[in-house]
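Asks:
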Amino acid sequence: MPELPEVEVCRRGLLPGVAGRRISRALVRFPRLREAIPENLGELLAGRTVVDIARRGKYLLFDCRGEADRGWLIVHLGMTGNLRLVAGDRPPGRHDHVDLVFDDGVLRFSDPRRFGVVTWHPGADPGCHPLLAGQGIEPLSAAFDGAWLYAATRRRSGPIKTVLMDAHTVVGVGNIYAAESLFRAGISPLRAACRIGRERCDRLAAAIKATLADAIAAGGSSIRDYVHSDGSSGYFQIACAVYDRAGQACRRCRGTIRQIRQAGRSTYYCPACQH
DNA sequence: CGTTACCCCTGGAGGC
DNA sequence: TGCCTCCAGGGGTAAC
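Sequential numbering from -12 applies to the first sequence in this note's numbering.
(1) Let me confirm a value: R9 is counted as buried when at least 16 other C-beta atoms fall within 10 Å, else exposed. Which label applies?
(2) Inspect the beta-carbon positions of Q122 and R43 and report whether they are closer than 8 Å.
(3) Kindly confirm or deny that the segment 16 to 30 and the segment 182 to 201 touch, where touching means at least three C-beta pairs closer than 8 Å.
(4) Just the C-alpha distance for A74 and R(-1), rounded to the nearest angstrom, thanks.
(5) In angstroms, rounded to a whole number, what distance separates the CA positions of R142 and P258?
(6) Is there contact here, the segment 180 to 189 with the segment 123 to 140, by at least three beta-carbon pairs under 8 Å?
(7) Along the chain, where does the beta strand (DSSP E) containing Y247 start, and where does it finish?
(8) Would you mind working out which of T106, P3, F170, I244 sits nearest E30, comparing C-alpha positions?
(9) Quick one: give me the first and last residue of the beta strand (DSSP E) that V229 is part of.
(10) Reducing DSSP to helix, strand and coil, say where L1 ends up.
(11) Starting from N69, trace the beta strand (DSSP E) in both directions and tell me its first and last residue.
(12) Hey, P146 and Q261 are a contact pair by Cβ (cut 8 Å); roughly how many whole angstroms apart?
(13) Going by other Cβ atoms of all chains shown within 10 Å of its Cβ, with 16 needed for buried, is A172 buried or exposed?
(14) Should the segment 38 to 52 be called in touch with the segment -10 to 4, which here means at least 3 C-beta pairs below 8 Å?
(15) Beta carbon of G34, beta carbon of G53: below 8 Å?
(16) So what does DSSP say about L48, is it helix, strand or coil?
(17) Which one of L32, F89, V150 has the shortest CA to CA distance from L169?
(18) Would you kindly check if the distance between the Cβ of R95 and the Cβ of R71 is under 8 Å?
(19) Out of A55, G103, A233, point me to the one whose CA is closest to G65's CA.
(20) Got a sec? Which residues, its chain only, sit under 8 Å from R239 by beta carbon, not counting five neighbours each side?
(21) Would you identify the three-state DSSP class for I263, choosing helix, strand or coil?
(22) Give me the residue from H84, N69, D91 with the minimum Cα distance to D76.
(23) In terms of DSSP beta bridges, what is T36 paired with?
This is the structure in structure tokens:
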């Protein structure tokens, strides 16, 4: 359950349940995710208190204070990961790879496809961790605007949709919201990024912000197996304008939504509305 | 340097 | 009811 809005909703959902809680121990049942979970994660976490959860792109950063030091539990949900607060006596399922055990409950990481990440970064600044060091600009930050996008795309000859999904450029915009943002801005996903003018960059940056903000406000996602941090079924059908609507009528012009393939991913767009 | 093809992995959907 | 193929929110790497 992946893109920035889902991760942010997850962060906000978990925060009241874990902030200020002490981790008594951590269990790693299956360490082989996108990269190996540190074998000594249990020792690293035991006795620490989670004081806050931050987010960088699609990464969740748990601020873990020890008696003398500070460190960060870094979690990425991949395609199918989720974090849920469950009762301590709830038996783990097949894909429940990690438990953080609190006195009165368990924060459980589950990920069937195992594209996620659970790792540890010692010290005060998680930003220097290799996974985070190369991350691009936060699209909801004030620094991200049309001027920034224009400057960042001048030497990018690839299609704009692929550029938007490159986390080294902009973080958090995945396959669904890239398509939705481009529709909102009236820009074709096929257009070379460097051939989008300054004013259209303004519109695109604004469309990305609005699309992500709307999805966060809606509390989640268009994702089928999206599950809230409390475990409730969180299938909010956000009315996608183009994503997963191949062959259906464009809500704006009644033309037909087209599906193509870009860099191995499905792209949906309206050829009449997007140029 | 920038871009693409392929890989990681499981599960669900749909065709036969 | 199988069994097979294709597809899915991400992202790193190798190769052009």
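Just so it is clear, CB atoms sit at the ideal spot from N, CA and C, and this is done for glycine as well.
Replies: On the basis of the data shown:
(1) As a position in the first sequence, residue 9 is number 22, starting the count at 1. Counting Cβ neighbours within 10 Å, R9 comes out exposed, since fewer than 16 surround it.
(2) The residue given as residue 122 occupies position 135 in the first sequence. The residue given as residue 43 occupies position 56 in the first sequence. Yes. Within cutoff.
(3) no
(4) Numbered from its first residue, the first sequence carries residue 74 at position 87. Numbered from its first residue, the first sequence carries residue -1 at position 12. Rounded to the nearest angstrom, the two C-alpha atoms are 19 Å apart.
(5) Within the first sequence, the letter at position 155 stands for residue 142. Within the first sequence, the letter at position 271 stands for residue 258. Straight-line Cα distance between these residues: approximately 25 Å.
(6) yes
(7) Translated into the one-based positions of the first sequence, residue 247 becomes position 260. It is worth fixing the name first, because residue 247 is Ile in this sequence and not Tyr. Counting along the chain, the beta strand (DSSP E) containing I247 begins and ends at 245 to 249.
(8) Locating residue 30 in the first sequence gives position 43, counting from the first residue. Residue T106 is the option with its Cα nearest to E30.
(9) Walking along the first sequence from the start, residue 229 turns up at place 242. Per DSSP, V229 belongs to no beta strand (DSSP E) and is neither H nor E.
(10) As a first step, residue 1 is located in the first sequence; it is residue number 14 there, counting from the start. L1: helix per DSSP, three-state reduction.
(11) By 1-based counting over the first sequence, the position of residue 69 is 82. 69 to 73 is the extent of the beta strand (DSSP E) around N69.
(12) The residue you call residue 146 lines up with position 159 of the first sequence. The residue you call residue 261 lines up with position 274 of the first sequence. Not quite, the Cβ-Cβ distance comes to about 12 Å (not below 8 Å), so this is no contact.
(13) Walking along the first sequence from the start, residue 172 turns up at place 185. That one is buried.
(14) yes
(15) In the first sequence, residue 34 corresponds to position 47, counting from 1. In the first sequence, residue 53 corresponds to position 66, counting from 1. Result yes, Cβ atoms of G34 and G53 sit closer than 8 Å.
(16) The residue labelled residue 48 in the question sits at position 61 within the first sequence. Three-state DSSP puts L48 in a strand.
(17) Reading the first sequence from its first residue, position 182 is the one you call residue 169. The residue with the shortest Cα to Cα distance from L169 is V150.
(18) Taking the first residue of the first sequence as 1, we reach residue 71 at position 84. Taking the first residue of the first sequence as 1, we reach residue 95 at position 108. Yes. Within cutoff.
(19) As a working mapping, residue 65 is identified with position 78 in the first sequence. Of the listed residues, the one whose Cα sits closest to G65 is G103.
(20) Residue 239 sits at position 252 when you count from the first residue of the first sequence. Within the same chain, R239 has close Cβ partners A228, C257, C260.
(21) This structure does not reach residue 263, given that the chain is present from -12 up to 262, and the question cannot be answered.
(22) Residue numbering aside, residue 76 sits at position 89 when the first sequence is read from its first letter. Nearest of H84, N69, D91 to D76, Cα basis: D91.
(23) Along the first sequence, one-based indexing puts residue 36 at 49. R9, R52.
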